[in-house]
Structures are given as structure tokens and as C-alpha cells.
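Residue numbers (this note's numbering), protein chains in the order written: chain W, 130 to 464; chain X, 130 to 464; chain U, 130 to 464; chain E, 130 to 464. As C-alpha cells, the structure follows; a few thoughts come after it.
4 protein chains.
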Amino acid sequence: MYKLGLIGYGYWGPNLLRNFSAQKDAAVMAVADGRLDRLEGVRKNYPSIMTMQNAEELIDIKEIDAVVIATPVHSHYQLAKKALLAGKHVLIEKPMTSSVGDAEELTNLADSRGLVLMVDHTFLYTGAVSKIKELIDADIIGKPKYFDSARINLGLFQPDVNVLWDLAPHDLSMLLYLVDEKPFSVNATGISHTHNGIENIAYMTVNYESDFIAHFNCSWTSPVKVRQTLIGGDRKMIVYNDLEPSEKVRVYDTGYDHKTDEDKNRLLVDYRTGDIQIPKLSPKEALSGVAEDFLSSIATKKQPLASARLGLKVVQLLDAAQKSIKNKGKEIIIH
Amino acid sequence: MYKLGLIGYGYWGPNLLRNFSAQKDAAVMAVADGRLDRLEGVRKNYPSIMTMQNAEELIDIKEIDAVVIATPVHSHYQLAKKALLAGKHVLIEKPMTSSVGDAEELTNLADSRGLVLMVDHTFLYTGAVSKIKELIDADIIGKPKYFDSARINLGLFQPDVNVLWDLAPHDLSMLLYLVDEKPFSVNATGISHTHNGIENIAYMTVNYESDFIAHFNCSWTSPVKVRQTLIGGDRKMIVYNDLEPSEKVRVYDTGYDHKTDEDKNRLLVDYRTGDIQIPKLSPKEALSGVAEDFLSSIATKKQPLASARLGLKVVQLLDAAQKSIKNKGKEIIIH
Amino acid sequence: MYKLGLIGYGYWGPNLLRNFSAQKDAAVMAVADGRLDRLEGVRKNYPSIMTMQNAEELIDIKEIDAVVIATPVHSHYQLAKKALLAGKHVLIEKPMTSSVGDAEELTNLADSRGLVLMVDHTFLYTGAVSKIKELIDADIIGKPKYFDSARINLGLFQPDVNVLWDLAPHDLSMLLYLVDEKPFSVNATGISHTHNGIENIAYMTVNYESDFIAHFNCSWTSPVKVRQTLIGGDRKMIVYNDLEPSEKVRVYDTGYDHKTDEDKNRLLVDYRTGDIQIPKLSPKEALSGVAEDFLSSIATKKQPLASARLGLKVVQLLDAAQKSIKNKGKEIIIH
Amino acid sequence: MYKLGLIGYGYWGPNLLRNFSAQKDAAVMAVADGRLDRLEGVRKNYPSIMTMQNAEELIDIKEIDAVVIATPVHSHYQLAKKALLAGKHVLIEKPMTSSVGDAEELTNLADSRGLVLMVDHTFLYTGAVSKIKELIDADIIGKPKYFDSARINLGLFQPDVNVLWDLAPHDLSMLLYLVDEKPFSVNATGISHTHNGIENIAYMTVNYESDFIAHFNCSWTSPVKVRQTLIGGDRKMIVYNDLEPSEKVRVYDTGYDHKTDEDKNRLLVDYRTGDIQIPKLSPKEALSGVAEDFLSSIATKKQPLASARLGLKVVQLLDAAQKSIKNKGKEIIIH
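In C-alpha cells form, the structure reads like this:
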């Protein structure tokens, strides 16, 4: 039975608390949040849980094995570092940190101490993404050729990070999870309609050494909500529409083969369209899978799907995109 | 009564012939196409029209006032130049030419000779785009802030031009028609899955000196067909879905205002969502509007909506996008 | 401040409790349910509320002004009668009762005692139905001509009532609320695939003395979920799709006029299609409106929208439909 | 090589002419239509075809083997009878005739003379219906349990027949083609908003001796166009949406099993939902299949899919529906 502490009880905290409380091999022992009214909410629904305003006080509790950090991004690094130094396993909200250096330091720290450090990239645990991963791993769609995502709506303008840092972590974590190849570089463009240097519309391309390409369209200023990802393989193609209540993933038996006619130096392309399959997806709540993976990673000393290394790569891509936007769309190489 | 000659009777030629034949003040006198079976098709349906294999022969016919060129893009420049030099008004298929220099030369030639030179950017004459233009001009949507277009499907790979030259002219002509400001620069990225240097997926951003931004997503390798354009103003926003049979244009009373709280240096954003309006659109065939505008431009010596100057700007943007792709997404300034 | 008792804490009970608890001028004093685990749920979330297994015990509490009955339909009559005889105002779940006689008796009893008797036809309090009512009352759609509803999905088979008693009360209450004219008769057909006399698919027509017509398509055995109502007026027509997250109501400026050409005894019909309007709807929770209307009806001695008389008419129509099905679709007159 | 004559060159005639002209083993020799301008259209596009105003003159042409009748329904019987008596094979537009007696007489006449009599129920030859038939025959969906169709739009009011005679023949022919069991009876209701006894909205149930049921919703006065058919089997269910450009048929692995718990006399239902399959359909033009089937039925003396007997049953069902509407929805037995 692992004892857990939760830091931050804002929008996402209650979901984390509910899901970790439902795990058989874990008990949430304490919750920290600076706001008294938020702590009141914890006490009302979970009278046996200790509450406190000070996060460091929570980290200092000896009996706590693992800490879940659900605070604004700028505080992730300090809190996670303290928790790791105190010997606790750590689960952090996405994005992991606001700088690549911080993410690297945390990743190395966890490694050197033999602690689990995981990032809550919840989407990796959805029925939809699990099914897509399964289709790719079973070579159903063939070699992946592109990933094209739109995540747009009339969204809350964030005061400190641009629309990519706000929305793209979902899609970038999926990309990194689903596609094995290492990203080579990033180009990005965008605009700030609030004239404060924080883009509310941004476009991001991730380039690879192979002929794979990924593109991300993010906006807080769309009149319609779109959550759509196209994943094209050389055998089949997938359309993942997260707004569909029960038909999120569609697999198209659609493709083309090409060859060059040697005599005539001409391109010959064969097109093919066949059936469409809409697989039934697991209805399990994704965050419950996050909790399970975190706990079993602690128990078995394995890396979770949403590992620190994956979370670090997400930060690298976001950082590169921001650099590219500020440099007129220039290609930024990922190291 | 103007006498017209049509050069090229391939995919689009029959539509041009049918629409020009239906005009009261015009008669198509001759059609030229190198392929005998295509000419046979003309003679069967229009027995009174002269047919010939040689385009120059057609241009040499004295009685012909205007020439319509519907051949592959690489031949546009030579044919249009000959026709202009022979004193004919000219309508060319889009894109106007395959280089900026050629388009400039044709535009100047037409100007200096007092001839109409028009490009068949058919979309400008659709009921949908006319309505959107009307909404912008009447200041219904407020100041335009962004233009975001996706034109993707499992499309024919072109052997000589990339997916932007194939698909984006529609969207670029709309952008130039609808938004008054001059584009400042272009960034673009893309990939060629056929490894012949011809991109089948490409993304293009058009930047402006103001805070307006435009983005284009084009692909020949999508399992689903998408033809969607978002046009956001600071008062209302438009979603134009060209695949909708009767509800192509939707006007959202959606928006946000922002100000900076001076004391706290904090961004305050007010969101607003209201009714959605789906205006009834003119059902008139767009190509019939093209024919009318060409003929009335000749008659009244006015510039058509789809003027040579607009067609030239489309070519400039395509050329800049191609340069950007070949230069790793670098910003290319439009002069 | 009214004191309320709630009888039945199954599927809908928690929603009723939450909404009544949020009302300023009411307090839920007691909850009765035969199942101990359900009562446990009440005590956990509302420690100050009295709980008991026996409904009659609750009705006997002197301080209670009004009783909310959310039990299976077969027990509605007995419980409501006891509560009315004890001088309590009553809100009953829909359908009001399982027989016309019972509904009449309750309605008369409440009238004679000067008590409010209301049926929880929640849909009347949705933003969508409020807007449609407003459009009809303001004569925007003209004279109503038809009401056509489909409410189908893969639903739970009820053990004691057919699919009309389960699903149609929503649509029948809307019909009665929106359309002023008294129904004249009912025809219905259906089938029981479980061979127990309980139809899982049924179709019902409500006829009127005027040329208005209403039709209802209900099924527990559809692979797709549909919640769609068409309401046609002689000026405009409404499509109400309850599954749309934010665009539930669409108003079509669509219609036709007809006249008979006197000389030729020929029908002349003029068709018209114009804009479509999608009005913004109130996001308020419908059940909160139910609670407010119940309490203010008690306070001001007015009839609620979802009055006993409306609830009685719903039962009359359901009863007539059942009779028609059992009599091979024969017309059953509504008295 | 069969020689054909076509009577009637209105809305559908040109499609018939084009498709029969494209058949290898047939030549259309003559076209008859009372309207000179329609005949002019034939001569322009098919200069070698004889034209005439008088249909009887066409029937009298000895060389003609088969006659295609595409005139208004009231003239079908007289023309078809003459053609059959003259020894010609006959293809008639749907519905076959306007009375059951006429349809029976024609069917018997064709039988006794050994001639092919076929009705142009084009839908039976679509890729969608062929695929559904294949799925039923291969026992993929299990035993059919229901057929539920909606065919509504803002349609042309017919001056002489109601909306069922106009729209339902498509759906009734599908029902008869797909489901083997003989219909037992019909109930129908409807309304005439033009007050001329011709219903513009009508609902029709077809009952069977087994627990299969079919229902049809037809309207000329819907603001939205719907063409949707649900076909439920006890193993899978099909949704056929004819307005979908490329995804017309969806097969749901959805169902339920039921049994009665013997001890408790309680109904137990198990629900199941699985993948959805969208099969690729043949893109072949349906009318070309009609032409082929007619010609090969003549050649091989077989019955076509859209046989006279099927066409007669469609007329029987329409006639029963009309009787039911005029008798307040009363059940009409099919003999």
C-alpha cells in the first residue's frame, strides 16, 4: 500500500484525488493547496485526508512514498525537485516544466536516485490512443508517414504561456508515443492578437530525417471546437476525432503506391480505397490508467508510458516551437 | 457579340465551352486541342464550332476577339503572350503561370495594350465567397484577424507541380479577394512521399505587417476530404465548409475582447457566443459568373474580380512558399 | 422557506436532491428509500437530512410542506394520493401514473384541496424547448402544421412498460406544451421482440381536428441514438436535435404556399428557402427550472408549466396508444 | 442485338436513353414523346434515333423487341398492355400502375405470353442495396427484425398522387427485395395540408405474421432532407444513409439477447456493442444495372430482380396504405 500526497487542488486535482483514491494499492494521505476554500472541499469529501497550505510541509511527511504535483507549470520544477530529493516518486501535470534545462535536471535526478518520475500525459491512456498504438504496433497501418492535428476552439487565453504550451502537449505526447523515430527539427509560426507576445494561434511542423512529417494547428480563437488527428500510414490511414461520443477512431483502408516508370521517367501512382473500420474502444477512464501505471511503475521499477523522458521531449519540442516563432519561422534543430 | 476561341479541351474545357456558349453577347468560334478525340467531342455537341489541332492557328483567326486558355500551366505563358500580342483579350486557367516573371510580363503586356487579362479563379464567383465578401465589406465580422484553410483529400499526384500549386490557388485567391492588406511574407513546410521533390503534403503561413495571419493545409494523401476555411473577425467568425450541400457558410456571433488591467498588468479577456446564422447562398454556377465578368470587363474596360494582378499575387505567394520549403521553412518576403 | 421530503433515491433522485438543495427558499428535510445503501449515499453527502426506509413515515412528518416522488411509476398513485390527503404539495416523476383514472383522481384531489400537483416533465424547462415555445408564441414559425419526433437508441428494455411509456412522455409533454390545440385521436403500431407483450419498437400518430398532425417513433433497438424533433409551421420550420452539444435548435426559413388555380382546378405550390438561424440557448440546468417552478407555484398559487393537467393528458395519449396497438392500429378517440 | 423503343422523354427518359445506348447488346431505335421540344433534344444528341409524337406508332414498329415506358403513372397500364399485346418485352417506370388490378393484369399478360415485364425500381441496383442484400443473404446481420425508413424533404407536391405513391416505392421495393417474408397487413396515417385529399405527410407500418415490422416516414414538407433506413437483425444492425457521399452503409455489431428468468418470470436482456464496419460499395451507376438486368432477362428468359411480381407487391402495399389512411388508420390485410 503506497501513501501519496497531492499538491494542488485546482481544476484537475479533484480528478487525480478521485482516481488515486479508487486504487487498491494506494492511499492519498495528504493534500496541499494554498487556498483554504480548496482544502475545505477536500475535507468535506475525504474527511480522513490531512490537508495543509504549505506544499513543503507535505513533502516532509516521512510516510509519503509518492507526490502528485498539479500546480501551475512555473512551480513544477521546484516542487518536483524537492520531492525527488526527499526520496519520493513523482507524478507531474503536463507540461512537465517550462524549460528544457529544468526537465533534464529532473529526469536525471530521478534516474540517479532510482525514483519514478512520470508526467500526466493523460491522452496516452485513453481507449482511442491505446487502440491507435495497437494498430500501429500490429503493423495494420503500415509505416507511418504523417501526423496532422488540429486542436482549436474558443479557449481561455492563458496569461503566461502561448497556445502551443497550453494545447499541443496532448498532441505532442501522442506523436512521441505512437511514432518511434526521433524528431529532427521544428518550424513554427503564430500570431498574438493580444499584442503581449503570447500567441493565441500557432502552427507547428515537426520534421524528421525520414520522410515522416507532423503538423499541429492550435488556436484559442476558433468559433468551432475541433479535436482531430490524421495519422497516415503507407497501408491504412486513421482519423481520430476526439469529439465523437462513440466513434472516435476510424481506420480507412485507403492508400496509394507509387513507382517511377523507368523508361519514361514518369511517376505512376495507384490509389486504393476500401472499407472503413470503426473499432470499439475501451470505455475505461484514462486517468485511472495513469494512476495504475504510476503505481505499478513504482512497484516494478519499470518506466511508465508517460515517462519523464517522453515528457522532456514534449518540452524540447515546445521550446523549439517557441524559438522558431520568435525567429520568423526558422528551423530549430532538436538535440 | 464577341467572338471567342478556346485553347485546351481537357477536364475543364467543356465547362468553359458550355458556359461561354450560354452567354448572350458571346459566341465561341473555334476550339483548339492537340488531341483529335477531344476535338471530335466538340464537333459532336457543337457542330458549328471550328476545330483545329494547332493553338497558334486559332490565335491567328482575325475575327476572334478573345481567347480562353485551358491548357496545362507550363504552356500558359507562351499562349497568353501570343494572344495578347495578337490583340486578343485573354482568360487563363489558374494558376496563371509557373513563374512570377512570366506573370508580371503578361500583366504588363495586357496593361500596355489595353487588353483584358483575367485568371479563372472560379471560387471568387461562388455564392459562398460572394456572401463572405459581402459580410466583410458590410463590416459584419469586424476587422479580419485570421484565415485558416484546409484542402485535403486522396488526390491525384501531379507530375510537375506540388500540392500547393495544385490546390492552394483556390484558397489564396479567396484570401487576396477577401482581405485588403498586402501579404508581407511566407513560411512553408512540406514533404514528398514520392521522393521526387514534389511535395504531396504542405503547410503554408502568410504573414502580414498587421496582426492578421493566414494558414493553408494542403494534402493529396488524406483519407478524408476536407474543404474548410475559418475566417475570424474581431466581431464575428465565419466557417466556410464547401462540402456542405446547402449550408456552406456559417456566421458565428462569437468573439472576445481583451484589455490589459493597468494596475495589475494582467490580461483581461471577455468571451462572447451568440446565435449562428446560415445565410442562403446564390445557386448560380460560378463559372457562368466568370464568363460574364470576362465579357463585361471587355465591354466596359473595367478590371474583373479575378484580375491579372490578383492572379500574379497568387503566383508570387506560391513561388515564395516553394522557396521557403526548399529553404527549410525560412521566411520569404513578398516584394 | 419550504420544507421538502423526497421519496425514491434511485437514478433521478440524486439530481432532484441536488437541485432542490440549491434553491434559496427550500430545504430538503427527509429522504425515504427502501434500500439502505441508497440512504447511506444521502447521509454521506447530506449529513443533516433525515433518512428513512418507509415512505409513509416521511409523508407523516408534519413540518414537510411538499413531497417529491421519484419512485417507479406503479407506485406514483398511492404515494401521491397519501401525500395530497396529508395536505402536501406534490411533484411526481413522469409519467404521472400508469392509468388515466388514477391521474384524473390525483388531479381532482389536488384541485379540491388547493394543492400544487406537478409532474417532472423536465424537457419543458430546457433552453431548447423554452426557445421553441418563444418562437411559436411570437408567431415566428407561423401556424404549426406538424410535429415529428424520433427518440431511438439501444436502450434498456423495461420489464413492465413498453417503449412508448418509457420514451414518449418527453415528446408528448413538449407537444402539449408547444401546440395549443386539443388532440383528437391516436393511432399506434408496434412490435415486441421479447414476445412478452411489451413493445420495444412503436410508432404513434396523434390526430387533430385541424390539419395538424404529430408522429412519434420510439425504439429500444436502434444501433444509433437519435433525438430529433421536426416542428413545421406555415412560415418557418424547426429542427430540434437534442444530441447536438451547442446547436440544438435550427430555424429554417423554409416553406411553401399553395393555392388552387381556379380555372384549371390545378394545385399551385410556391416553395421558399432562406437563411437558417441557430439561436443561442440558455445553458441553465432544466431540473433547476423544475424546482423553481414547483416552489413558486406553491408560493403564488399558480399552475406550473408542467401541471397535473398536462401530465394527465400525457397519460391519456399513452393509454390511447397502448389501446390502439392492442387493437391493430385502430383509431382511439381522446375524450 | 435487341432493338428498343423508349416512350416518354421527360425527367428520367434521358437517363434511360443514355444507359441503354451504352449497352453492347442493345440499340435504342425510336423515342416517342408528345412534346416536340423533348424530341428535338433526342435528335440533337442521338441523330440516328427515330422520333415520333405518338407512342402507339412506336409500339407498332415491328423491329422493336422491347419498350421502355417512362411516362406519368396513369398512362403505364394502357401503354404496357399495348406493348405486351404487340409481343414486346416491357420495362416500366415505378410505381408500376396506379391500381392493383392493372398491375395484376399486366403481370399475368406478360407471364402468359412469355415476355419480360420489369419495373424500374432503380434502388435495387445500387451498390448500397446490393451490399445490404449480400450481408443479409450471408447471414451477417442474422434474422431481420425491423426496417425503418425516413424519406423526407421539401419536395414537389404531386398533383395526383400522395407522398407515399411518390416516395415510398423506393423503400417498399427495398423491403420486398431484402426481406423474404410476405407482408401481412398495412396501417397508415397522414395529412393533407393542401386540403385536396392528397397527403403531403404520411406514415405507414407494414405488419408481418412473424415479429418483423417495417415503418415508413414520408414527407414533402421537411426543412431537411433525410434518406435513412435502419435494418435491424438479431445479430447486427445496418444504417443506410443515402445522402452520405461515400459512407452510405454502416454495419453495427450491436445487439441484444433476451431470455426469461424462469424462476422469477423476469426478462433478462444482454446488450452488446462492438465495431462498426463501413463497407466499400460498387460505384457502378444503378440504372446501368437496370438496363443489363432487363436485357439479360430477355436473353435468358429469367426473372429480373425488379420483376413484375415485385412491382405488383409495391402497388398492393401503396394501395393498402391509401385505404388505411382513408379509413382512419385501420389495418388493411394484404391478400
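Note that beta-carbon positions come from the ideal geometry of N, C-alpha and C, so glycine has one too. Fair warning: this is a prediction, and the values are worked out from it, not measured in the lab.
Quiz item: Are U:K365 and U:D371 touching if we call contact CB-CB under 8 Å?
Solution: no
Practice problem: Could you tell me if W:L397 is buried or exposed, where buried requires 16 or more neighbouring beta carbons within 10 angstroms of its beta carbon? | Solution: exposed
Self-check item: Continuous beta strand (DSSP E) assignments of at least 3 residues falling wholly in the segment 190-241 of chain U
Solution: 195-198, 218-222
Quiz item: Helix, strand or coil for W:T383 per DSSP?
Solution: strand
Exercise. Determine the extent of the beta strand (DSSP E) in which W:I367 is found, giving its start and end residues.
Key: 366-370
Quiz prompt | In DSSP terms, what W:I269 is bridged to | solution = In the DSSP output, where bridge partners are listed per residue, W:I269 has none listed.
Self-check item: E:E192 classed as buried or exposed, judged by whether at least 16 other C-beta atoms fall within 10 angstroms
Solution: exposed
Quiz prompt | chain X contacts made by the segment 398-409 of chain U, where a contact means CB separation under 7 Å | solution = T402, G403, D404, I405, Q406, I407, P408, K409
Self-check item: Beta-carbon neighbours of X:K274, restricted to chain W and to distances below 9 Å
Solution: I320, H322, I330, T350
Quiz item: Just checking, does the segment 440-453 of chain W make contact with the segment 283-296 of chain W on the three C-beta pairs under 8 Å criterion?
Solution: yes
Quiz item: Applying a beta-carbon distance threshold of less than 8 Å, which residues of chain U neighbour X:E376?
Solution: I405
Quiz prompt | Cβ distance (whole Å) where W:S351 is taken to contact W:L283 below 8 Å | solution = 6 Å
Practice problem: Could you tell me if U:D154 is buried or exposed, where buried requires 16 or more neighbouring beta carbons within 10 angstroms of its beta carbon? | Solution: exposed
Self-check item: Cutoff 8 Å: W:E169 Cβ touching any chain X Cβ
Solution: no
Quiz item: Out of curiosity, what's the CA-to-CA distance linking E:G271 and W:P408?
Solution: 21 Å
Self-check item: U:I188: first and last residue of the uninterrupted alpha helix (DSSP H) it sits in
Solution: 184-188
Quiz item: Using a C-beta to C-beta distance shorter than 8 Å, which residues of chain E count as neighbours of U:I342?
Solution: T318, G319, I320, I330
Quiz item: Cβ of U:I198 within 8 Å of Cβ of U:E169?
Solution: no
Quiz item: What residue does the alpha helix (DSSP H) around X:D295 start on, and which one ends it?
Solution: 292-307
Quiz item: Grouping DSSP H, G and I as helix and E and B as strand, with all else coil, what is X:R172?
Solution: helix
Exercise. Give the straight-line distance between the Cα atoms of E:I463 and U:V368, rounded to the nearest whole angstrom.
Key: 36 Å
Self-check item: C-beta neighbour in chain X for W:L283, strict 8 Å
Solution: yes
Quiz item: If you draw a straight line from the alpha carbon of W:Y138 to that of W:K132, how long is it in whole angstroms?
Solution: 17 Å
Quiz prompt | Residue span of the alpha helix (DSSP H) that contains W:P143, given as start and end | solution = 142-150
Quiz item: How close, in whole Å, do the beta carbons of U:A212 and U:V196 come, if the pair is a contact with beta carbons under 8 Å?
Solution: 4 Å
Quiz prompt | Backbone CA spacing between X:F72 and X:Y337 [nearest angstrom] | solution = Outside the shown range of chain X, which is 130 to 464, sits residue 72 of chain X, and nothing can be said about it.
Quiz item: Within 10 angstroms of its Cβ, does E:H322 collect 16 or more other Cβ (buried), or is it exposed?
Solution: buried
Quiz item: U:G458 to E:V355, Cα distance in whole Å?
Solution: 26 Å
Self-check item: Cβ-Cβ separation, E:A420 to E:N174 (assumed contact under 8 Å), whole Å
Solution: The pair is not a contact, with the Cβ atoms about 17 Å apart (cut-off 8 Å).
Exercise. Answer with yes or no whether the minimum CB distance from U:V292 to chain E is below 8 Å.
Key: no
Quiz item: So W:A184 and W:F276 are in contact, right, with Cβ under 8 Å, and what is the actual spacing, rounded?
Solution: Contact flag wrong, Cβ pair sits at about 37 Å.
Self-check item: Span of the alpha helix (DSSP H), counted from its first residue to its last, around X:I427
Solution: 415-429
Quiz item: With a CB to CB cut of under 7 Å and the five nearest residues on each side skipped, what residues in its chain are close to W:L305?
Solution: L439, K442, V443
Exercise. Assign U:L359 to one of three DSSP states: helix, strand, or coil.
Key: strand
Exercise. Indicate whether at least one CB of chain U lies closer than 8 Å to the CB of E:N144.
Key: no
Exercise. Output, in sequence order along the chain, the residues in the segment 177-202 of chain W whose CB is closer than 7 Å to any CB in chain X.
Key: none
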